[in-house]
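Residue numbers (the UniProt record's numbering): 1 to 1249.
This is how it looks when you write it as structure tokens:
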């Protein structure tokens, strides 16, 4: 058994319908996928002859269609069950095929032909897995449009460690064979050769598919056979030897591809990416570094000199050999002599092949190695081979035809030394080609296409070179494309312009595409009406690109010797786009001047609003990077270089020395100054700036007539008047100038300083800061030393003076004048004195031996921020003790606060830490009784419930736990008890069904937030939804049970049933005390029912219980024994005479009426009074900070929370809230935890006010 994974590119087809040949109905196929061929064996398809082979199927022969001489075009899988569903079947005997009819007709399944010989008992099983490539979004296209020029492409290429190993491995193992060819090893990723599984089965299966195509297409077969025979004759492939024991081999599938522009030339490509058991040959090979020369660089050097030469290396990959001991990794199957009727033979490649990921790197390495080997003897040819080849295509230019001939001869010699053959030579000078064999010349019937890096499948247009006129031109072959975003992108992307000759024209098309993306137009939606004329005009203008001719050479052929070369870069930006263009300016010995465009770039401006100065600066960055690239690639002596912009702001940015900029501007200015000098930057008027076209666009017809290709007029003058830049001071208000923050202190009054001091939250920090400011005031520089005690004391006096001057200014003025304070002053009882400008308590301790601060403490106003800081400091010092200790600590440190006790008490009341340690939980006025507790209703119409237990029962030798589920009527206080085996949801639902069966329908159940009840609610609700019958749905809708949960941890909300559980437990404990052993299930259930009867016999009120003449006390059993299935109160009115009525139902209803009358008078009015929580408290508000009471943890570990939602009752008071927990290690990506709690479980730390 063999297995293989093959990845095939496919397209999705929608809207297909399929119909049987003899059927009138069709079946829509949801989605279909295309591929070159379907891997099936037509011999399995049943025909008329098939049905005649079996007696039970002969009558179906006329129903089966004949087998046509064509390939299978549609394969229907299990994702279309409507096409496969059997409508009728005909079954035969054992191991005989059977027939089935579907909507598509009859088919026969099984070994349909008994005489058919399945050679080798081979079976093919195919599994198709479809992976759709995501469609690029509008934002993806915008990113490409707004960043279509990689400025970093010409910086030094970084290499990985694998690249280093690739170079080291090839350098150490390359050697030249006797025939001149270089032998290069396969660069495996591992140090040793990999051990791969034998995948011959995969190669055989792929070869069988290829065989079908070869048989069906004679031209394809002829071209394929010719390629393979030529490869074998030349020795590129050889007959594979027998496999030795333990030897690793790998078989490579292959297929042929045609170049769209060369329909008669086929190339066989080896699929080294074909996986077998999860691995392919390419997975084991190193790709190597990118050794390919820059395409733009090769083209730029191709334009340097008058005489141009191009050539090609014949089958470059096949010129580099693979060592014989590694060729078994390159085995393949083919028929000897191309005879498809013979058995396939095993061959192996002796050269590096098309399809291996390592081949481009190996070929480029070998080519550059060859050039280096002959650098001394053939310097010009070696330089040409090393720098002016793009893969296997060589392009160069030289000053004269003689030099061209010499270069060709030398290059041929060098390549011949390495086993390479140069051919397809072409030149703009016929004399150059005269020295060549006709077979080595290129076909001149077609112009040279410079679309070198494009793949055959992705190109329609390309830049062309006319050897006769020595000009570049554009060949436009417009195909009909829909007026959609997809069609527009296809047209724009097909324009190949690597040097930017028509960049301003392409910019206009990109702007239309950008607008479509900005609007979010779908791929296949039609073009909006307002953009349609703009696109049609642009597309019609596109045909005029054929008229644009760009001279290949930078200067005319008759231009005499050049004495000066200058490089000029222009940049500009607008709201439409931004870009740059570079020009070469030559001056010859006759003082003649010539200018030409070298290359250009044009980008669309980002859809995100960016200021024009920033766009202008981005364009300047493009100029700087183009300068670096051109100086590296042109290999030309540049006497002087200029950079031109029409933005005075950009020039000011580049020449700035003092100002600091924001990051965007600062980074780009630094980049520009790294590669250019500010003195090179000059101002140009907008009308003379050709880069203006790169920023606004240009019609195709105007490209040749404008200054775009030739440069501005002032460049053609004898001398370029580059006006030196005049420094312009950047305005302070410039948004790109980063403002430097400085601190300027100006003292106006004490109130202003105190307002700044109010920003401090610590008395110690405040003193440190003030002490350091005092140092500056005394001209002592801060050297990082700690603040001394003396400095802290001086700082405290400064702050206290400021506080007292603000709070007691009038009193201090009176004392300074020596007058007595009025009786109304708050300082009058303290007999204050002034001590060095500080107000202190006078008192009666003058003659005491205490210190000055204790005898005359400093007076502080109440409510002041500084006073609060001092209070907080000493309150923390006494470890958050009470009012007396805090106040005593203040006095011992020389502070006297006006209204000290109240101020200290008020501060402690708001202290967060004290609230954490001692504040009780929140309370609120007891809520109104719910409607279900004060309205007349049938018993158990509105219930509360809870579980209690466990109780130990005995079953055989096991002891098991049992629980009680108690239901209490919220109006009559009657109870019902059911025994449950455990606390699971199933047990609760069973008990609930028993309860409803005995007591009737329950409209509302109220319970705690237990997990068993929550699960029951979900499951019960799900069960209700699954019932579809209308009658049952109406019945259950009228009687369905509503679940109401109390807030989590709000045990007081279930006091009704908690009190009953305690009563039941008292009865059960008293009874169980009389039982010496364990009860069984039946005994415990009986005991539950007896306890239920006792509890239901208890009186609801105690009024008249000791009066022998009073009525019998009201109990729940008075109502339970008379309960009917009709909801109470019943319709109608009943009077005393109904006791003697003949109709018994009216008699019963009268007795029930008497119960409810007594219930209202004797019970309902007794529960009206609130037993506690009488006073309304402050409602908790959103953003209050609390800690959550948890009886299982110490108070110091209670969790912190913040109120995010409040729930008000009917009286407007909040009794439960939702909290967001304060996670200690919150993950930024995770959602915050929100819980619900009653206020009785919360301690408020910080109020929202």
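Using N, Cα and C, we set each Cβ at its ideal position, and we do this for glycine too.
With a contact defined as Cβ atoms closer than 8 Å, residue 398 and residue 407 qualify at about 6 Å. With contacts defined by Cβ atoms closer than 9 Å, residue 618 and residue 575 do not form a contacting pair. Between residue 939 and the set 866, 916, 968, 78, the nearest pair of CA atoms involves 968.
DSSP places residue 253 outside both helix and strand once states are collapsed to three, so it counts as coil. In the displayed model, residue 1001 falls within coil according to three-state DSSP, outside both helix and strand. Of the candidates 306, 443, 417, the residue whose Cα lies closest to the Cα of residue 262 is 443.
Contact annotation, residue 292 with residue 376: C-beta distance approximately 25 Å; criterion of less than 8 Å not satisfied. When secondary structure is reduced to three states using DSSP, residue 973 falls in the coil class, being assigned neither helix nor strand. Put simply, the segment 502-520 touches the segment 576-588. At least three CB pairs are less than 8 Å apart. Residue burial annotation: residue 811 is buried, with at least 16 other C-beta atoms found within 10 angstroms of its C-beta. About 5 Å separates the beta carbons of residue 857 and residue 894, which is inside the 8 Å limit, making them a contact pair. Spatial neighbours of residue 488 in its own chain (CB-CB distance under 8 Å, excluding positions within 5 residues in sequence) are listed in chain order as 481, 509, 512, 513, 516, 527, 535. Its chain contains 342, 344 as the residues whose beta carbon lies nearer than 6 Å to that of residue 335, once the 5 sequence neighbours on both sides are disregarded; these appear in chain order.
Judged by DSSP in its simplified three-state form, residue 176 adopts strand. Counting only the Cα atoms, residue 763 lies some 8 Å from residue 866. Assignment of beta-bridge partners to residue 496 by DSSP yields no partner.
Taking 8 Å as the upper bound for CB-CB distance, residue 623 and residue 571 are in contact here, some 4 Å apart. Going by DSSP, residue 398 is part of the beta strand (DSSP E) stretching over 393-398.
Pairing residue 495 with residue 306, the inter-Cα distance amounts to about 27 Å. Our two residues, residue 386 and residue 355, have alpha carbons roughly 24 Å apart in a direct line. Only exposed fits residue 190, as fewer than 16 other CB atoms lie within 10 angstroms of its CB.
Look at residue 707 here: in three-state DSSP terms it is coil, with no helix or strand label. Beta bridge pairing from DSSP links residue 334 with 345. Going by beta carbons, residue 916 and residue 1245 fall inside the 9 Å limit.
Annotation: residue 852 to residue 759 spans about 31 Å, alpha carbon to alpha carbon.
A check of alpha carbon separations from residue 899 across 1114, 401, 825 identifies 825 as the nearest. Residue 821 and residue 904 have their alpha carbons spaced roughly 26 Å apart.
Annotation: residue 1201 is outside any alpha helix (DSSP H); the continuous beta strand (DSSP E) that includes it extends over 1199-1208. In the three-state scheme derived from DSSP, where H, G and I count as helix and E and B as strand, residue 352 is classed as coil. The beta carbon of residue 869 is closer than 8 Å to those of 760, 761, 762, 763, 766 in its chain, skipping five residues each way along the sequence. With fewer than 16 other Cβ atoms inside 10 Å of its own Cβ, residue 24 counts as exposed. A straight-line Cα-Cα distance of about 15 Å links residue 504 and residue 543. If you draw a straight line from the Cα of residue 226 to the Cα of residue 238, it comes to about 16 Å. Residue 843: not part of any beta strand (DSSP E); DSSP gives it neither H nor E. With 16 or more other Cβ atoms inside 10 Å of its own Cβ, residue 897 counts as buried. Under a 10 Å Cβ-count criterion, residue 71 is classified as exposed, with fewer than 16 other Cβ atoms of the shown protein chains found around its own Cβ.
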